[in-house]
Amino acid sequence: MSTRYNIVKLTYSKGRASKYTIVPESWMVIRHSTDKRAVIVLPAEDASIEDCVKKNEKPAADWKRHLCDVLAVTDTFDDAVIAVLQYETDDLLTKDDEGNTHQDSETTEENSSSIELPSLEEYSENSAAKYIYPKPPPGFDENDTRWTLRHRQPGPGLVELVVNSKVFVEEKKLQAFTEIAGTSKYLTQTLMDLIFKREALSFCTYSQKKYRLDSPALNALLDYVKRVASVNGWEEIDIIDFNDWVGQKMKNTKRNLPASYNIAPRNRVELMKRRIQARWDNIEDGITLYKSNNS
1 MSTRYNIVKL
11 TYSKGRASKY
21 TIVPESWMVI
31 RHSTDKRAVI
41 VLPAEDASIE
51 DCVKKNEKPA
61 ADWKRHLCDV
71 LAVTDTFDDA
81 VIAVLQYETD
91 DLLTKDDEGN
101 THQDSETTEE
111 NSSSIELPSL
121 EEYSENSAAK
131 YIYPKPPPGF
141 DENDTRWTLR
151 HRQPGPGLVE
161 LVVNSKVFVE
171 EKKLQAFTEI
181 AGTSKYLTQT
191 LMDLIFKREA
201 LSFCTYSQKK
211 YRLDSPALNA
221 LLDYVKRVAS
231 VNGWEEIDII
241 DFNDWVGQKM
251 KNTKRNLPAS
261 YNIAPRNRVE
271 LMKRRIQARW
281 DNIEDGITLY
291 KSNNS
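Okay, so the sequence shown: first residue is 1 according to UniProt numbering, each after it adds one.
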């Protein structure tokens with residue numbers, strides 16, 4: 001009977017290298033039938049866990065119990081390692097985004113403390129003339145789309161995505177995301193978080209030129225994904241598919257946009273304008289806006 005590997009998240013992980021780990025079925029002591037909660041046993045030293053898992057060693061008497069949540073189960077050890085890396089990198093991205101959001105919210109609170117808010121009547125009367133889209137985020141520059149990039153200059157720990165592209169990303173995360181990617185779509189959408197600011201992905205749109213993502217950066221991303229796809233033997237990338245992946249990523253990011261970024265419609269005029277604009281966006285999303293350097 002083949003061994004199955006559980007990817008678990010430890011409830012208490014202080015002192016350990018990661019809150020995620022891999023355990024075979026034989027290390028599961030208790031597992032709830034109604035939820036993901038489980039009790040496992042682990043060696044005291046993190047360094048020995050991987051070797052013990054590979055050898056499918058039986059738990060020793062000095063191993064201690066740990067409460068955890070079972071996130072996934074795989075049939076191979078390699079798949080389990082990839083899954084753990086994916087969970088860890090997703091956490092890193094979430095942490096970065098939360099840090100940026102916290103800084104932006106502090107700035108907003110400081111600026112708003114001295115502003116007198118309009119009455120509901122004044123707001124309703126003038127709301128139709130306000131932005132249909134979210135307010136431009138800090139750093140927005142309609143004359144330079146490089147404002148959308150996370151890193152506009154080279155720096156410690158950064159590497160150029162493609163030679164001479166002037167698109168810089170964190171080298172360690174680039175390597176990790178490239179290693180765990182199984183498809184061109186996954187790699188494209190994951191690397192967009194490394195290349196572009198979260199605010200840019202939330203704010204930018206296809207329908208207005210000054211609100212688009214940086215096209216040279218998207219071209220560099222396409223070139224990089226094509227190279228990885230060629231090395232891994234994936235299907236050849238179609239420019240239409242690439243644009244769809246980019247559009248899906250932007251839409252998904254917009255869905256998670258904090259409420260503070262939006263201007264709630266207060267009357268029928270603004271609501272109608274928003275609906276018309278939304279329909280226009282859906283039409284525009286089908287247009288190929290980003291072309292490869294060779295097309």
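Heads up, the beta-carbon is just placed ideally off N, CA and C, and yes, glycines get one too.
Treat the numbers as computed from the prediction; the structure is a model and nothing was measured.
- The beta carbons of residue 228 and residue 187 sit closer together than 8 Å.
- The three-state secondary structure of residue 24, taken from DSSP, is strand.
- Counting only runs of 4 or more residues that sit fully inside the stretch 143-210, the alpha helix (DSSP H) segments are 171-180, 184-195 and 198-203, in chain order.
- In this structure residue 66 touches residue 40 by the C-beta definition: roughly 6 Å separates them, less than 8 Å.
- For residue 5, no alpha helix (DSSP H) encloses it; the enclosing beta strand (DSSP E) starts and ends at 5-10.
- The beta carbons of residue 86 and residue 180 sit closer together than 8 Å.
- When secondary structure is reduced to three states using DSSP, residue 49 falls in the helix class.
- Taken through DSSP and simplified to helix, strand or coil, residue 79 comes out as helix.
- Here the alpha carbon of residue 197 sits roughly 21 Å from the alpha carbon of residue 163.
- At the C-beta level, residue 253 and residue 201 come within 8 Å of one another.
- By the neighbour-count criterion, in which 16 or more other beta carbons inside 10 Å mark a residue as buried, residue 199 falls on the buried side.
- When the alpha-carbon of residue 182 is set against those of 230, 15 and 147, the nearest one is in 230.
- The distance from the Cβ of residue 237 to that of residue 226 is about 5 Å, consistent with a contact at the 8 Å cut-off.
- In the DSSP assignment, residue 229 falls within the unbroken alpha helix (DSSP H) covering 215-232.
- One thing to note: residue 26 has its Cβ no nearer than 8 Å to the Cβ of residue 19.
- Linking residue 213 to residue 234 through their CA atoms gives a straight-line distance of about 26 Å.
- Here the alpha carbons of residue 211 and residue 80 stand approximately 40 Å from one another.
- Counting only residues of its own chain and dropping the five nearest sequence neighbours on each side, residue 56 has a CB closer than 6 Å to the CB of 3 and 24.
- Classified as buried, residue 193 has 16 or more neighbouring CB atoms from the shown chains inside 10 Å of its CB.
- Cβ-Cβ distances below 8 Å link residue 248 to 189 in the same chain, with the five nearest sequence neighbours on each side left out; the list follows chain order.
- Counting of Cβ neighbours within 10 angstroms places residue 59 among the buried residues, the total reaching 16 or more.
- With contacts defined by Cβ atoms closer than 8 Å, residue 83 and residue 74 form a contacting pair.
- 8 Å or more divides the Cβ of residue 9 from the Cβ of residue 62.
- Membership of residue 69 in the beta strand (DSSP E) is indicated by the continuous run 64-74.
- Exclusion of the five residues before and after residue 153 leaves 168 as the residues of its chain whose Cβ lies within less than 8 Å of its Cβ.
- Where residue 38 is concerned, the enclosing beta strand (DSSP E) starts and stops at 37-42.
- Note on residue 171: under 16 other CB atoms within 10 angstroms of its CB, so exposed under the neighbour-count rule.
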